[in-house]
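Reviewing the structure listed below.
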Amino acid sequence: MNYSAETIIELHKLLEERNQELQTSEARFRNIINRNADGIIVVDKNGIVQFINPAAENLFDRSAEELRGELFGFPLVTGETTELDIFRKGGETAVAEMRTVVTEWEGEFAYLAMLRNITERKLAEQQLRLFEASIAHLHETVVITQATPLDELGPRIAFVNTAFEHMTGYSREEVIGKSPRFLQGPKTDLLALERIRQAQLAWQPIHEELINYTKEGKEYWVELDISPINDERGSATYFVAIERDITERKQAEEAIKKLAAFPRFNPNPVLELERDGTLTFYNAAALQVAHALGKQQPAAILPPEVTHLIEECLSTGDSRLGLEITIGNRTLSWSFFPIMSSQVVHAYAFDITERLNLEAQFRQSQKMESVGQLAGGVAHDFNNILTTIQGYTDLILLSDNLDTELVEQLTQISVAAERAANLTHQLLAFSRRQVMQPKQLDLNEVISNVTKMLRRILGENITLQFNYQPSLPRVRADEGMVGQIIMSLAVNARDAMARGGQLVISTSLMEIDDNYIQSHLEALPGQYICLSVSDTGCGMDTETQLRIFEPFFTTKEVGKGTGLGLSTVYGIVKQHQGWVEVNSQVDVGSTFKVFLPSYTKPSSVQARESNRAEVIGGNETILVVEDESSVRALVRNILQRYGYRVLEAASGREALLAWEIHKNQIDLLLTDLVMPGDVGGLDLVEQLHQQQPDLKVIYTSGYSAEIVGEKIAFYEGLNLLSKPYTPTMLAQAVRACLDR
Amino acid sequence: MNKYLLKLYIAGRSPRSERAIANLQRICDEQLGDQYEMMIIDVLERPELAENEKILATPTLIKQLPPPLRRIIGDLSDIEKVLIGLDLLP
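Quick mapping for you: the protein sequence lines, in order, are chains A and B. If you read the first sequence in my numbering, its first letter stands for residue 131, the second for the next number, and so on. If you read the second sequence in my numbering, its first letter stands for residue 18, the second for the next number, and so on.
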């Protein structure tokens with residue numbers, strides 16, 4: 131076949147053009163492949179890499195030269211994508227999505243694998259899953275609400291996590307699309323809700339604490355943080371609320387508040403101190419006590435060695451208890467407790483002044499009691515001796531034809547015995563063993579009766595003033611004893627006002643309640659008449675005040691006082707079921723207050739005055755019961771001298787025996803009240819009265835503490851003879867009793 | 018019949034790896050009875066093995082025995098394609 135030159139040229143030209151076109155087309159394709167974002171790799175029928183584009187080079191971090199000719203393997207042609215882990219040159223891995231197609235390479239069967247780098251997407255997915263799992267497992271509640279609508283109800287719920295379901299009891303399905311307002315109830319703070327709404331309107335995050343309610347209606351506290359979530363364009367699409375259940379915290383806060391009230395409202399000082407002594411807390415009571423003691427700062431009422439104490443407490447962990455310090459006239463007891471965890475010491479104070487006072491009063495009254503017992507015991511024996519001395523002296527004096535000088539000497543003995551008897555009488559009064567002969571008395575009347583004598587005792591430079599409370603209830607008291615009280619107190623007041631002054635005697639009715647008793651150990655509740663004697667004299671210091679009621683304690687010059695005046699007052703008042711209070715200040719004066727119980731019972735038979743003018747004897751038979759033989763012999767002597775027949779017994783038992791033998795002859799029983807043995811004077815009389823109710827009885831007594839009872843009323847000179855008595859007193863009493 | 022020696026290279030215990038292992042297990046159980054030995058190599062734990070084998074991507078399954086050696090890449094979910102790749106199907 132011949133072609134013309136033109137044809138050949140034409141064909142050549144055509145071929146040139148086609149070549150040109152082919153080259154252009156190939157360049158275009160190469161360009162597309164090279165610029166493709168996905169990696170492209172061509173593997174031949176042996177699995178060997180034949181071609182690799184720049185994106186694949188990037189993916190493998192290897193150049194085409196490195197990869198070409200390497201064994202890759204057959205990428206599986208599945209029609210679907212498959213995920214691969216790619217090993218990059220540096221040891222890193224990447225994730226790729228592979229899609230494989232069958233192709234031809236240089237005329238041969240081959241695979242073309244397209245690899246898309248999805249590392250970042252996978253990371254994002256992984257992160258998202260992590261977030262989802264975190265939210266799902268979060269202990270805190272997560273509520274995501276849509277950003278709109280922001281109407282009165284608030285945004286609607288788009289998501290809640292499992293914790294929300296657990297906390298509220300609502301399931302996710304129940305709450306999606308609703309406003310979280312259904313969680314709120316009567317105790318929810320409306321102002322907090324409004325603050326949340328305002329924050330949401332302003333796309334601002336907010337932190338609040340609220341009371342919410344579970345599906346069952348149980349309230350719980352939540353602390354919530356609400357934040358607006360912006361999309362990539364910056365506009366808010368959701369609100370995320372993270373809520374924590376703070377019920378326990380709130381309860382703990384309440385408990386702490388409650389506990390904090392303990393020290394705050396404690397009526398005693400409570401302080402907290404740091405190791406260096408810095409005061410970190412004190413309560414109102416601490417300040418109050420400090421002020422009352424004239425201090426500005428609560429720290430000033432702490433013991434001076436407080437820094438040392440704190441150091442010691444904190445290094446040993448031990449508390450220090452009952453540390454007493456005295457500031458002014460108050461005594462505080464401090465206790466220190468180390469709080470090791472916070473390295474502070476808590477200090478508690480307690481004002482123990484009253485307690486110490488009461489203890490002192492108690493010790494004092496115990497002392498007085500024992501001194502009284504001693505004095506009473508001595509006086510009792512002494513009275514028996516004095517009765518004998520005085521009795522025999524008087525008996526001798528009754529004899530005829532006595533030498534004048536002898537009469538004078540005997541009279542001296544008698545006077546001395548009487549003086550001694552006066553002393554024992556006072557001792558007995560103090561020891562409350564004087565026989566009391568109580569009557570219903572108007573105290574105001576008793577005072578005015580002794581006024582004349584008082585004026586004489588006080589002298590001219592002391593003014594006397596009375597403050598009577600009118601219409602006072604009566605007291606049941608021994609008039610002589612009450613007079614003795616007033617006189618003793620007045621004499622003391624006079625001696626305290628050597629340069630003159632004012633004595634005020636007042637009476638008042640007082641209702642003693644439990645409050646009063648707490649600070650006055652000897653006081654008892656009830657209605658009392660208070661006799662108060664105040665002077666403007668030299669006063670007494672505390673030490674003297676503590677001892678004034680002790681017998682023979684005196685501040686007066688030797689010989690000026692017996693030291694028995696105030697102890698007698700004390701004894702008498704005690705015997706009347708009352709008590710004495712003293713208030714005194716040196717150079718200002720003293721006030722004695724005597725409290726006697728007011729008497730409301732109907733009046734009893736008043737004692738008749740016995741006629742002491744003449745002494746008449748008789749011939750009746752008298753049973754004399756007396757354990758003291760000298761006294762018994764004296765009594766027999768006296769009575770026989772007056773013509774009486776005397777039967778003697780040394781004890782109650784002996785008296786009972788004598789009674790058995792002579793009961794028909796006995797006209798009068800004269801018995802000592804207190805005798806050793808199992809049958810005392812009262813027992814004896816009781817037994818004999820059972821047999822002969824009208825038996826006449828005279829009691830004699832050296833003292834009588836226990837006999838002041840309700841059963842028998844004693845009337846001196848009528849059915850009672852106090853030792854020491856004179857022969858005349860005995861004879862008069864016997865006659866009076868027999869004639870009654 | 019010669020025993021099959023199969024080596025599966027994976028990268029960590031990702032879902033991709035788990036899927037590949039499960040697929041291979043199923044293929045072996047269904048097609049090879051007890052005539053196979055299977056090795057699973059985590060290239061993150063044994064990077065030197067990956068290096069020796071010049072593994073570029075996982076999962077890669079290598080049929081070591083019987084010859085010819087075959088190497089296929091993918092998660093092995095298309096069993097037929099796997100069997101073809103392993104020369105078990107014509």
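A virtual CB, placed ideally from N, CA and C, is assigned to each residue, including glycine.
The Cβ-Cβ distance between A/T666 and A/G589 does not fall below 9 Å. The stretch 789-802 of chain A makes contact with the stretch 812-828 of chain A: 3 or more CB pairs, one atom from each, lie closer than 8 Å. Among the residues of the stretch 71-89 of chain B, those with a Cβ less than 7 Å away from any Cβ of chain A are K71, I72, L73, A74, T75, T77, R88, I89, in the order of the chain. Taking a C-beta distance under 9 Å as the contact criterion, A/A277 and A/N247 do not qualify as a contact pair. A/M583 counts as exposed, since fewer than 16 other C-beta atoms from the protein chains shown sit within 10 angstroms of its C-beta.
According to the DSSP assignment, A/R259 belongs to the alpha helix (DSSP H) that extends over 249-267. Taking 9 Å as the threshold, the shortest C-beta distance from A/L214 to chain B falls below it. The beta carbon of A/V179 sits closer than 7 Å to those of I171, V173, L197, R198, G199, E200, F202, all from its chain and outside the five residues before and after it, given in chain order.
Taken in chain order, the members of the stretch 176-208 of chain A whose beta-carbon sits within less than 7 Å of a beta-carbon on chain B are G177, F190, E200, L201, F202, G203, F204, P205, L206, V207, T208. Secondary structure of A/F683 (DSSP, three-state): coil.
Under the 9 Å criterion on CB atoms, A/G220 is classed as non-interfacial with respect to chain B.
Going by C-alpha positions, A/Q330 is about 28 Å away from A/Q257. Contact annotation: in the stretch 24-43 of chain B, residues whose CB is within less than 7 Å of a CB in chain A are A28, R33. Rounded to the nearest angstrom, the gap between the Cα atoms of A/T211 and A/T230 is 8 Å. Residue-level contact check: B/D51 does not touch chain A, since none of the beta carbons of chain A fall below 9 Å from its beta carbon. Beyond the five residues adjoining it in sequence on each side, A/E442 comes within less than 6 Å, by CB distance, of no other residue in the same chain. Taken in chain order, the complete beta strand (DSSP E) segments of 3 residues or longer contained in the stretch 535-609 of chain A are 569-571, 592-597, 604-607.
Residue environment analysis places A/V864 among the buried positions, since at least 16 neighbouring C-beta atoms fall within 10 angstroms of its C-beta. By the neighbour-count definition (other C-beta atoms within 10 Å, threshold 16), A/H510 is a buried residue.
Under the DSSP definition of a beta bridge, A/E373 partners with A/T271, A/L354. In this structure A/V765 touches A/L860 by the C-beta definition: roughly 7 Å separates them, less than 8 Å.
The Cβ neighbour count for B/K71, taken over all protein chains shown within 10 Å, is under 16; the residue is labelled exposed. In the DSSP assignment, B/S31 is bridged to no other residue. Every unbroken stretch of the alpha helix (DSSP H) spanning 4 or more residues and falling wholly within the stretch 180-217 of chain A is given here in chain order: 184-190, 194-197. Excluding five sequence positions before and after A/Q599, the CB atoms of its chain that fall closer than 7 Å to its own CB belong to T637, S638, L639, given in chain order.
Between the C-alpha atoms of A/D375 and A/N360 there is a straight-line separation of about 27 Å. In the three-state DSSP reduction, A/S529 falls in the coil class, being neither helix nor strand. Around the beta carbon of A/L321, fewer than 16 other beta carbons lie within 10 angstroms, which makes this residue exposed. Beyond the five residues adjoining it in sequence on each side, A/P603 comes within less than 6 Å, by CB distance, of S728 in the same chain, given in chain order. Of the residues A/G502, A/G630, A/L340, the one whose Cα lies closest to the Cα of A/N591 is A/G630.
Within the same chain, no residue comes within 6 Å of A/A135 by CB-CB distance, once the 5 residues on both sides are set aside.
For A/A366 and A/W333, the gap between their C-alpha atoms comes out near 7 Å.
Taken in chain order, the whole beta strand (DSSP E) runs of length 3 or more contained in the stretch 284-354 of chain A are 287-290, 336-343. DSSP places A/A366 within a strand segment (E or B) once states are collapsed to three.
A/T223 reaches chain B at A28, counting residues in chain order whose Cβ is nearer than 7 Å. Against chain B, the beta carbon of A/F261 has no neighbour under 8 Å; the closest one sits roughly 18 Å away.
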